[in-house]
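The numbers in our numbering rise by one with no breaks, and the one at position 26 of the sequence shown is 543. Glycine residues also receive a C-beta, built at the ideal position from the N, C-alpha and C atoms. Data first, discussion second: the structure below is written as structure tokens.
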Amino acid sequence: MKFETKVIHAGIEPDPTTGAIMTPIFQTSTYVQSAPGVHQGYEYARTQNPTRTALEKNLAALENGTDGICFASGLAAMDATLKLLEPGDEVISTNDLYGGSYRLMTKVFAKYGIVFHFCDMANPDNVSAFLNNKTKMLWIETPTNPMLNVVDIAAICALVKDKGILTVVDNTFASPYLQTPLDLGADIVLHSATKYLGGHSDVIHGALIVKSTELSQKLHFLQNAVGAVPGPQDCFLILRGIKTLHLRVQRSCENAATIATFLQNHPAVSKVYYPGLPEHPGHEIAAKQMKMFGGMVSFDLKDNSIENAHRVLSSTHLFSLAESLGGVESLIGHPASMTHASIPRADRIKVGLTDSLIRLSVGIESVEDLMEDLAHALQ
Ligand SMILES: *Cc1c(COP(=O)(O)O)cnc(C)c1O
């Protein structure tokens with residue numbers, strides 16, 4: 518089945534009792550058993566819920582995996598993934614990853630004896646430098662947030678093939694429409710479904726997708742044991758959002774490409790970060806592993822004071838000043854004071870995340886209107 522068909526049909530069956538074409542929201546905490554231990558596969562809703570099951574099957578199909586495991590948020594999905602580790606284990610991660618992921622690693626899991634190394638994964642040699650017999654997981658994010666660096670997923674996964682090291686890809690920025698990391702050698706794909714999968718900025722949700730039964734069992738165990746499960750209504754909203762994923766992401770990418778070129782030619786802009794630009798250092802790898810170049814664009818200002826950045830950020834009308842991304846509406850954000858405020862300034866600046874860096878999540882509005890809005894704000 519092609520992707521455009523899978524988003525609508527994979528894992529979805531009409532409701533057998535009524536024929537409802539849309540997966541019902543099974544708002545129940547428990548299920549009646551006909552005799553002790555005799556049930557229809559559902560016992561208690563932390564463990565299983567049919568709305569969640571439909572979504573998990575759908576996500577598994579979209580990422581070309583065997584199983585999906587859904588969580589109350591992207592970070593809850595990440596929490597479960599890191600709980601596969603033991604004290605003393607080491608993780609190597611991208612250095613400009615999502616701020617909340619960095620916080621969960623360094624402020625929560627580091628306390629339990631897990632050791633994290635951060636490096637620029639755009640160069641696989643940097644990963645090799647940290648590899649040792651305690652390394653148990655590689656944490657990849659690509660394109661990275663907010664610098665939009667591109668990591669060669671196949672090359673990084675190949676480094677640790679058959680070494681018993683799990684490779685995890687946070688695929689939130691690309692979405693499965695653009696990139697399917699399991700096909701490139703990764704073991705686990707993570708989504709903040711809050712973003713492109715949901716796509717309408719109305720729900721917080723997370724998911725993992727795997728291609729091994731053993732990993733699926735371990736993660737389902739953690740999902741049930743820890744309990745950070747999503748409610749059925751949230752699963753329904755993600756299922757509904759996914760039905761238009763391909764159309765939304767396609768339009769976002771087209772709009773983002775046009776806006777990246779527009780910003781490049783704007784006199785107030787010093788630098789544009791967009792993997793679709795031929796001069797972007799990760800352009801060729803992005804072209805190889807992604808279908809299009811994504812809906813996220815970051816740029817820096819010639820006048821690089823924080824005051825100037827704040828002026829631009831407060832002057833757009835269509836681009837709403839807000840955290841998050843991947844919705845139908847365009848958002849503008851200031852990583853230094855918003856999504857990445859938890860990263861120390863010196864560490865931020867080292868990777869190019871300056872005080873004047875601005876990040877756009879380009880939505881699916883008219884690109885002419887979006888450019889006019891930016892032109893006005895930059896003026
Ligand atoms: C938002 C986000 C997360 C966290 O997801 P939540 O749903 O907010 O918990 C993780 N990774 C990336 C890349 C994100 O953008």
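Taking all protein chains shown into account, decide if residue i is buried (16 or more other Cβ within 10 angstroms of its Cβ) or exposed.
i: T689; result: buried
i: P784; result: exposed
i: Y629; result: exposed
i: Y561; result: exposed
i: R862; result: exposed
i: I759; result: buried
i: M518; result: exposed
i: T833; result: buried
i: I866; result: exposed
i: L889; result: The amino acid occupying residue 889 in the given sequence is Glu; Leu does not appear at that position. Exposed.
i: A892; result: exposed
i: T730; result: exposed
i: I682; result: buried
i: A858; result: exposed
i: S546; result: exposed
i: K678; result: exposed
i: N612; result: buried
i: E603; result: exposed
Cα-Cα, which of the options is closest to residue i?
i: E907; options: L874, V789, S815 and H800; result: Because residue 907 is not part of the residues shown, which for the chain are 518 to 896, the question remains open.
i: I670; options: D886, K653, P531 and A639; result: A639
i: N581; options: M622, L695 and I631; result: L695
i: I673; options: L848, T833, F647 and A745; result: F647
i: E771; options: K735, K808, K728 and K760; result: K808
i: T540; options: P749, L701 and F626; result: P749
i: F543; options: T570, F738, K523 and H763; result: T570
i: V510; options: L725, C636, T761 and A675; result: Absent from the model: residue 510. The displayed extent of the chain is 518 to 896, so no value can be given.
i: V644; options: T856, L676 and T545; result: L676
i: K653; options: H634, Q565 and T661; result: H634
i: L877; options: L842, Q896 and G869; result: L842
i: D751; options: T568, E530 and A552; result: T568
i: I609; options: A593, H800, P641 and L592; result: P641
i: N566; options: A552, I849, G793 and I586; result: I586
Return the chain-ordered list of same chain residues with a C-beta closer than 7 Å to the C-beta of residue i, the five sequence neighbours on each side being excluded.
i: C845; result: It should be pointed out that residue 845 corresponds to Val in this sequence rather than to Cys. Once the five neighbours on either side are set aside, the close Cβ partners of V845 are G716, H717, R765, G880 and I881.
i: A826; result: L818, H851, D872, S873 and I875
i: I860; result: G616 and Y619
i: I755; result: L572, A710, L714, G715, V720 and H722
i: T564; result: N741
i: V524; result: L579, I759, K760, L762 and H763
i: K735; result: L601
i: T598; result: V685, I705, L707 and L725
What are the residues that DSSP puts in a beta bridge with residue i?
i: S859; result: For S859, which the question treats as bridged, DSSP gives no partner whatsoever.
i: Y561; result: T547
i: A672; result: None, per the DSSP bridge assignment.
i: Y790; result: S815
i: I936; result: Given that the chain is displayed from residue 518 to residue 896, the structure contains no residue 936 and the question cannot be resolved.
i: R768; result: None; R768 has no bridge partner.
i: R876; result: S815 and G850
i: E607; result: V632 and T652
i: G585; result: I726
i: L707; result: D687 and L725
i: L838; result: I849
i: A552; result: V555
When you measure from the CB of residue i to every non-hydrogen atom of ligand 1, does any distance come out below 8 Å?
i: L648; result: no
i: S709; result: yes
i: L592; result: yes
i: K712; result: yes
i: Y472; result: Coverage of the chain is limited to positions 518 through 896, which leaves residue 472 absent and any answer about it impossible.
i: T611; result: no
i: F635; result: no
i: G605; result: no
i: D687; result: yes
i: G744; result: no
i: S787; result: no
i: N666; result: no
i: S859; result: no
i: I721; result: yes
i: M595; result: yes
i: S949; result: Because the chain spans 518 through 896 in this model, residue 949 falls outside it and cannot be assessed.
i: S546; result: no
i: L842; result: yes
i: S618; result: yes
i: F690; result: yes
i: E530; result: no
Among the residues of its own chain, which have a CB less than 8 Å from the CB of residue i, if the five just before and after it don't count?
i: K651; result: G605, D606, E607 and V632
i: D700; result: N581
i: D886; result: L835
What residues in its chain sit with their C-beta under 6 Å from that of residue i, if we drop five residues either side in the sequence?
i: F816; result: L780, V786, V789 and I875
i: A527; result: N575 and A578
i: G744; result: R563
Can you check whether the C-beta of residue i is within less than 9 Å of a C-beta belonging to chain B?
i: K788; result: The structure shown has no chain B; it contains just one protein chain.
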